[in-house]
Structure formats: C-alpha cells, structure tokens
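Accompanying notes for the structure given below.
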Amino acid sequence: MQRRDFFKQAGVASLTLGACTAGIKTAQAGTAYKWKLVTTWPKNFPGLGTGANRLAELIGEMSGGRIRVKVYGAKELVPAFEVFDAVAQGTAEMGHGAAYYWKGKSEAAQFFTTVPFGMTAQERNGWLYHGGGLALWTELYARFGLVPAPAGNTGVQMGGWFNKEIKSVADLAGLKMRIPGLGGEVLKRAGGTPVNLPGGELFTALQSGAIDATEWVGPYNDLAFGLYKAAKYYYYPGFHEPGTTLEAIINRAAFEALPADLQAIVLNACKVVNQDMLAEYTARNPVALQTLIEKHGVALRSYPADVIAKLHRLAKEVVSELAEKDAFSRKVYASYRKFLRQSQAWSNISELAYLQARDLG
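Going by our numbering, the first residue of the sequence shown is number -3, and it counts up by one from there.
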C-alpha cells in the first residue's frame, strides 16, 4: 500500500513538475519583444549601416529570438535627424547615430561623440567605460527618457574632400563645408561656413556645388559614397574627429520593460558592436585608401602646419566656451579633460613613442 501510494504520489509530482516546466518554456517562448531600430545612416551602408544591422542581429542571436529587432535606414521610417525624437517618443525602441547630431537638445551631447584634437578611439573607450564618461552620458539622456550606449567607433577620420587645395588659413575663408559638431564651429571661426547634412545627401551637394567641401568618415565609407567623383583633393588628418563614438539610444520605458537578462544582452551587444566596428575600419580603410589613390587618381594632401596650428588654437577656444554653456557641460568637460590629460601622458610614451620607433625601420 505504502509503495503504491509512494509511486502514485511521485507520478503526480512528476506530472506536475513536467507541466510547470512546459509552462515556463511556453511562457518564455511566447515572450517575444519586437523592436524597431531607426538609424541616421542609409540602409545597409558599409560600416555604419551594417554596424546597426549587426547590432540587431546580435540582440536576436544572444536573446535566442526573445528580442527581434527590425532595422530602418534613414528616411525609411523617420528622417535621419529625427532619430533622437523618434526613440524618445516611442516611435521606435532603439536608434543608432551620433550624439553630436543632438546638440540642439543639449550642448553637452557633443562630448560623447568626439572633440577636435581630443581623445582617440582607445582613449574614449577608456573614459566611457572606466572613467565615468558613460555614467555622465546616461545622466544626460535620462532627461529625455533614453538610455545611451557606445555602439561603434570609426577611429581617426580623414580631414575631408575639397574642390580646391588648402595652402593656407586664408583658403578656409568663405568655404562651405559639410562638417557637424564642434568641428563645424572651429571651421566657422576660421572663416568658413559649416553645413550639416545627412550622409545620403553629401555626394549630390558636393557635385552640384551646393557645398565646396565635405568630411564624412574615411576611405572605406568615402569610397562607397563615390565622393572621389565630386572632389579631387583628399585631406588629412581628421583633426575634428580623432575617435568618433557612434551611439545606440534606447527608449528607457522599453528597456525597463525587459527582464534583467535581456537588458544585459542589449547592453553587451552594443559593446560587441562598439569593438567590432573599430576593428572593421582598421581593416578596411587601408585597402580603400589604396584604391582611391591608385585606381581613381585621388590627390592625397596633408593640411599645412600653419593651418593645423590655427585650427588647434580655435578648437581650444570652442571647447572651453562649450564647457561654460551650462552646469552639466562644465561637469562633463571636467571629467573629459581630466581623463584626456591622464591618457595623453600614457599615450605619448606608449602608442606614439612606439609608432615613431616603428617608422624608423
């Protein structure tokens, strides 16, 4: 009797446990979050657009399909420069772009993309992840109901494409150039006219003469846009963007609705893309530059020393004045400057010293 009762009870318990387990699996399988990701980049554009695609794929793979993200390129769901508002308002759960596009929301946002003559990609990642930068960025975006995350970096960019040679500071006077963020303000003080255009409009604007010059990213992306067909001279270095952090922006309400494990998956997918994009640009830019020069006859030029010196002085003025815009900008600038000074001392005797030594061979 006791044995029969025992096996009977064990059987009931087993059935109950099995039913519970099946119920949990069914519930998990049925809990699928469908997100939209809007970007400031053209659909599937190499590096930037494909980086957004990779982010969506990673989130899907890492979550086992519990989050499914559909990517929309610029203008497919919203215009490029409306991505921030679209995510803040919940039109999309996620966006991919660059924080300096949103300086109209907050001047301090520009610090989280790039600063002329500022940190390199490696230094920026150090500041963001281990120097308090990301905490400040999160504090800023919380005002708008958003969660930010680094999600890509192009490394040092090129100076840009010009229809005439830049031989002196005087050649910048009256120059209409597509150049966003703080770099645009530096150009303005040098006598030029900065214009902000989304990437998809650059070729037409340059070819038509609506602008005289444009910066975009670097050889990999510039080749893809065919900018060599619209301008002859290709300048370096990219003083205005020495290490450009791309961002994922996440609607806070949508993010907080996720279980803790899925929140971790989203943020760690952003970290993977942040690292992978920099590696991709490091691999693709040299090959693309060779193609531009050898196949398309592009005239590669360096900015004259006096031009760099002038731009450097103006950049210091611009960044210092930005820091005085408001209390939060001062706080971000203090953190940024402290980390830059620390990292610069180390970079000079590590990366820079090594590169100089390597060139001797």
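Idealized CB from N, CA, C, for every residue including glycine.
Since we're looking at a predicted model, the values are computed, not measured.
- Counting only unbroken stretches of 4 or more residues, the alpha helix (DSSP H) elements lying wholly within the stretch 35 to 69 are 44 to 58, in sequence order.
- When 116, 280, 228 and 59 are compared, the shortest CA-CA separation from residue 157 is found for 228.
- Counting only the Cα atoms, residue 218 lies some 9 Å from residue 284.
- Counting along the chain, residue 92 sits inside the beta strand (DSSP E) bounded by residues 90 to 93.
- Annotated as proximal: residue 91 and residue 245, with beta-carbon spacing under 7 Å.
- With a 10 Å radius around the Cβ and a threshold of 16 neighbouring Cβ atoms, residue 276 comes out buried.
- Residue 227 sits in coil when the DSSP states are folded into three classes, being neither helix nor strand.
- Remark: fewer than three beta-carbon pairs, one from each stretch, lie closer than 8 Å, so the stretch 194 to 207 and the stretch 117 to 135 are not flagged as touching.
- In the same chain as residue 152, and ignoring 5 residues on each side of it, the C-beta atoms closer than 6 Å to its own belong to 234 and 238, in chain order.
- Going by DSSP, residue 162 is part of no alpha helix (DSSP H) at all; its letter is neither H nor E.
- Cβ atoms of residue 89 and residue 250 come within 8 Å of each other, at about 4 Å.
- Across the structure, residue 294 and residue 61 are spaced so that their CA atoms are roughly 46 Å apart.
- Unbroken alpha helix (DSSP H) runs of no fewer than 4 residues, entirely contained in the stretch 194 to 241, are found at 198 to 204 and 215 to 221, following chain order.
- Per DSSP, residue 269 lies in no beta strand (DSSP E); the unbroken alpha helix (DSSP H) holding it starts and ends at 256 to 290.
- Per DSSP, the beta bridge partners of residue 298 are 232.
- For residue 178, the enclosing alpha helix (DSSP H) begins and ends at 177 to 185.
- The residue from 43, 316, 49 and 58 with its alpha-carbon nearest to that of residue 257 is 58.
- Here residue 79 carries a helix assignment [DSSP, helix/strand/coil].
- In the DSSP assignment, residue 149 falls within the beta strand (DSSP E) that extends over 142 to 149.
- Judged by beta-carbon spacing, residue 242 lies within the 7 Å limit of residue 94, meaning their Cβ atoms are closer than that value.
- Bounds of the beta strand (DSSP E) holding residue 189 are 189 to 191.
- Contact between residue 162 and residue 230 is absent: CB atoms are separated by about 11 Å, not below the 8 Å threshold.
- Exclusion of the five residues before and after residue 297 leaves 229 and 231 as the residues of its chain whose Cβ lies within less than 6 Å of its Cβ.
- Secondary structure within the stretch 102 to 144: the alpha helix (DSSP H) runs of 4 or more consecutive residues, fully enclosed, are 117 to 126 and 129 to 138 (chain order).
- A residue is called buried once 16 or more other Cβ atoms fall within 10 Å of its Cβ, and residue 290, having fewer, is exposed.
- Residue 263 has its alpha-carbon roughly 42 Å from the corresponding atom of residue 168.
- With 16 or more neighbouring CB atoms inside 10 Å of its own CB, residue 120 falls in the buried class.
- Residues of the same chain with a CB within less than 6 Å of the CB of residue 50, apart from the 5 flanking positions on each side, are 269 in chain order.
- Here DSSP, grouped into helix, strand and coil, assigns residue 32 to strand.
- Within the same chain, and ignoring the five residues on either side of residue 199 in sequence, the residues whose Cβ sits closer than 7 Å to its Cβ are 221, 222, 223 and 226.
- Per DSSP, reduced to three states, the secondary structure at residue 313 is helical.
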